[in-house]
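Each number in the working numbering corresponds to the 1-based position in the sequence shown with 217 added.
Heads up, the beta-carbon is just placed ideally off N, CA and C, and yes, glycines get one too.
In this text the structure is predicted, and so the values were computed from the model without any measurement.
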Amino acid sequence: MRAAANRLVKCVNGSFRAAKYAPFTPSLLASATVAASSISCVQRGAITVSKVTECRACGSKTLTPVFEMNGPRIAGVINSRAQKTGYVLCDPSRHARACGLLQADSADASHAPGPSARHASNRENLRALATESLELLSGRDCSALDIGCNDGSLLSYYPRWVERFGVDPSEHVDEVGKWAWSAKAAFPSADLDKAFGEKKFDIISAASVFEHIDAPRAFLNAVKSRLTEDGVFALETLYAPTILSRNAIDVFQAGVCAVYSLSVLEWMIRAAGMKIVKGSLSPKEGGSIRLFITHEDNAEFDFDPWSERLAKLWDEENALAMRALQPFQSFERRAVEIQHYLSDMFAKIADRGETVHILGADAQTEALLAFMGPAAKSVIAVVDTHAARERDILGETRLPIISDTDSRAAEPDYVIAPARYKREMLERWRETIMLGAKMVFVTPTPHIVTSSNYNGEYGKTIAAGDAVGGTETLRSILAAAGGLRVIVENDAAKSA
Ligand SMILES: [Zn+2]
């Protein structure tokens, strides 16, 4: 078996940025299997980063750089420059057994997410994940563990007779109510092993967690050991073909450890002694894949229509040639085009003396402002009602954080909104747009929604499957994003 111990560890003198999943928090270092050959420490500004030298999934050393992204400005870096994160492909063109995983070239690339409950679309998505998991177990008494439970949103959608457990290393876990057992801890960890003892779970879920994990195989092995014989593991993670075709640069700017394809996931899950029984695409985080997984010898969930749907997704993915370098190189070219377009657009807005607000006090916003360069000076406020109650300014950007109400009262000329919540943003800000505000979305290509094109743009979010359960096939997502430009850069795509 290749690379059974491809775990990574941060440099002793290094400094973690807050990570969604930092399996090697100091208290857990003692239990970590350190594979010293898989990392090397380099100095970047005043920050020490851990360079990844082996694929997180298969252990191959053939990692080919594919693109770099400016991340949020972080305290401690000289001149407070934006942090650059490099992404590499575990490259099958150089090593026949390389798995093709797209991943960050450093071990501290992940970011801290906001609370799950903040966006209605996130809540809807987590509710669907919980419901679908429970349906598989036909409503029998069961216990459920949510890994990366955040504020407990997903667990709250189980009925009371489900025994609920949540773990998360972030402070959001403090918001989980007494109705569930919860712990501020990373999974897997020695602390949790001690707390759980021999305990197993009928449902284990991990939504938007896997992409932030530096040791995915150890994670899967730990899930398998905690899953009852006929239990189900619900895994939802960023899906590379959707993320790339939608030009979701914010995902990489904000930082992730890896973005998976079905082929890499299937291989890893099989290597861990499990199998995928059901799968579909979901709109979460701008484009995710949702898989239901069980032990390899459990035939209880074998169902032909589900297998056929998986096979179809598999075929569509294979048609995209995601194991070659070209899709990633053309993604980088499109990102540069977007950057030039934005710089130009917002420089003109600043020249005209018009004002811009940006929605969401999160890592993606910080990264986008860094990405915009000097043109970001037209942005004068960050709009986030929840965050405004807790703090006044957004990190190193120093921009004031204000509430939705204050933003509407200030009547900015433009509002930049996160494309991954496009439908929800259009719904929430409809009246403001109708009153004359212009809403800017940066991806898949920069575009402006006004009162005159509102209906058409809102319709497109539905057609593109941005509603939960609305996403049918990869083909329809690609069509909505401008065709097969993930692999082929045709003239139509360039002028789109
Ligand atoms: Zn690999």
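| said: Per the DSSP calculation, residue 307 is bridged to which residue(s)? | reply: Beta-bridge partners of residue 307 (DSSP): 280.
| task | Drop a sphere of 10 angstroms on the beta-carbon of residue 493, count the other beta-carbons inside from all chains shown, and report buried for 16 or more, exposed for fewer. | result | Within 10 angstroms of the beta-carbon of residue 493 lie 16 or more other beta-carbons, which makes it buried.
| query | With DSSP run on the structure shown, which of helix, strand or coil describes residue 454? | reply | In the three-state reduction of the DSSP assignment, residue 454 falls in the strand class, which pools E and B.
| said: Between which residues of its own chain and residue 650 is the CB-CB distance below 8 Å, once the five residues before and five after are set aside? | reply: 643, 656, 666, 667, 668 and 671, listed in sequence order.
| message | Can you tell me whether residue 396 is buried or exposed? The criterion is at least 16 other CB atoms within 10 Å of its CB, across all chains shown. | response | Within 10 angstroms of the beta-carbon of residue 396 lie fewer than 16 other beta-carbons, which makes it exposed.
| task | Per DSSP, which residues does residue 477 bridge with? Please list them. | result | DSSP, once it has assigned bridges, lists 456 as partnering residue 477.
| Burial state of residue 357 (16 or more Cβ within 10 Å) | Label assigned to residue 357: exposed.
| task | May I ask you to check if the CB of residue 474 is nearer than 8 Å to at least one heavy atom of ligand 1? | result | Not so, every heavy atom of ligand 1 lies at least 8 Å from the Cβ.
| message | Taking the alpha helix (DSSP H) that residue 531 belongs to, which residues open and close that run? | response | 521-535 is the extent of the alpha helix (DSSP H) around residue 531.
| For ligand 2, is there a heavy atom less than 8 Å away from the beta-carbon of residue 481? | Among the ligands in the structure shown, ligand 2 does not appear; only ligand 1 can be found there.
| request: For residue 412, collect the residues of the same chain with a Cβ closer than 7 Å to its Cβ; drop the 5 residues on either side in sequence, then sort them by chain order. | output: Cβ contact annotation for residue 412 (same chain, cutoff 7 Å, sequence separation greater than five): 400, in chain order.
| message | With H, G and I counted as helix, E and B as strand and the rest as coil, what does DSSP make of residue 353? | response | In the structure shown, residue 353 sits in a helix (DSSP, three-state: H, G or I).
| query | Taking the continuous alpha helix (DSSP H) assigned at residue 413, which residues delimit it? | reply | Taken as a continuous stretch (DSSP letters only), the alpha helix (DSSP H) holding residue 413 covers 407-413.
| task | Return the chain-ordered list of same chain residues with a C-beta closer than 6 Å to the C-beta of residue 447, the five sequence neighbours on each side being excluded. | result | Excluding residues within five positions, the ones whose Cβ falls inside 6 Å are 515 and 517.
| For review: beta carbons within less than 6 Å of any heavy atom in ligand 1 | Going by the Cβ distance cut-off, the answer is 272, 274, 275, 277, 307, 315, 316 and 318.
| Can you name the start and end residues of the alpha helix (DSSP H) that residue 565 belongs to? | For residue 565, the enclosing alpha helix (DSSP H) begins and ends at 543-568.
| said: In whole angstroms, give me the CA-to-CA distance for residue 536 and residue 459. | reply: So the alpha carbons of these two residues sit roughly 14 Å apart.
| query | When the distance is taken between beta carbons, is residue 430 closer than 9 Å to residue 451? | reply | Not a contact, by the Cβ cut-off of 9 Å.
| message | Suppose the cutoff is 6 Å on Cβ atoms and the five residues either side in sequence are ignored; what does the same chain contact list for residue 712 look like? | response | Confidence is the limiting factor: at residue 712 the pLDDT is only 39, short of 50, which leaves the residue's position unreliable and the question unanswerable from this model.
| request: Go to residue 603, then tell me how far its alpha helix (DSSP H) extends in each direction, as first and last residue. | output: From DSSP, the alpha helix (DSSP H) with residue 603 extends over 602-607.
| task | For the alpha helix (DSSP H) containing residue 668, list its first residue and its last residue. | result | Looking at the DSSP string, residue 668 is not in any alpha helix (DSSP H), and its letter there is neither H nor E.
| field | Euclidean distance between Cα positions of residue 249 and residue 499 | value | Note that residue 249 scores a pLDDT of 31, beneath 50, so its modelled location is shaky and nothing firm can be said.
| query | With respect to the alpha helix (DSSP H) encompassing residue 589, which residues constitute its N-terminal and C-terminal limits? | reply | Residue 589 -> alpha helix (DSSP H) spans 580-589.
| Helix, strand or coil at residue 507 [DSSP, three-state] | Judged by DSSP in its simplified three-state form, residue 507 adopts strand.
| Taking C-alpha atoms, which residue in 629, 673, 423 and 658 lies nearest to residue 595? | For residue 595, the nearest C-alpha among the options comes from 629.
| Considering only the beta carbon of each residue, do residue 730 and residue 354 sit closer than 9 Å? | Summary: the structure shown does not reach residue 730, with the chain confined to residues 218 through 713, and so no result is reported for it.
| task | Return the chain-ordered list of same chain residues with a C-beta closer than 7 Å to the C-beta of residue 366, the five sequence neighbours on each side being excluded. | result | Only 372, 383, 384, 385, 390, 393 and 399 meet the Cβ criterion.
| said: Quick check: residue 338 and residue 638, are their CB atoms within less than 9 Å of each other? | reply: Cβ atoms of residue 338 and residue 638: closer than 9 Å.
| query | Do the CB positions of residue 502 and residue 468 come within less than 9 Å of each other? | reply | The Cβ atoms of residue 502 and residue 468 sit closer than 9 Å to each other.
| Within the 9 Å Cβ cut-off, does residue 551 reach chain D? | Absence of chain D from the displayed structure is noted, only one protein chain being present.
| request: Pair every Cβ in the segment 552-562 with every Cβ in the segment 578-595, then say whether three or more of these pairs are closer than 8 Å. | output: A contact exists between the segment 552-562 and the segment 578-595.
| Around the Cβ of residue 622, are there at least 16 other Cβ atoms within 10 angstroms (buried) or fewer (exposed)? | Residue 622 comes out exposed.
| query | For residue 428, does the count of other Cβ atoms within 10 angstroms reach 16, so buried, or fall short, so exposed? | reply | It counts as buried.
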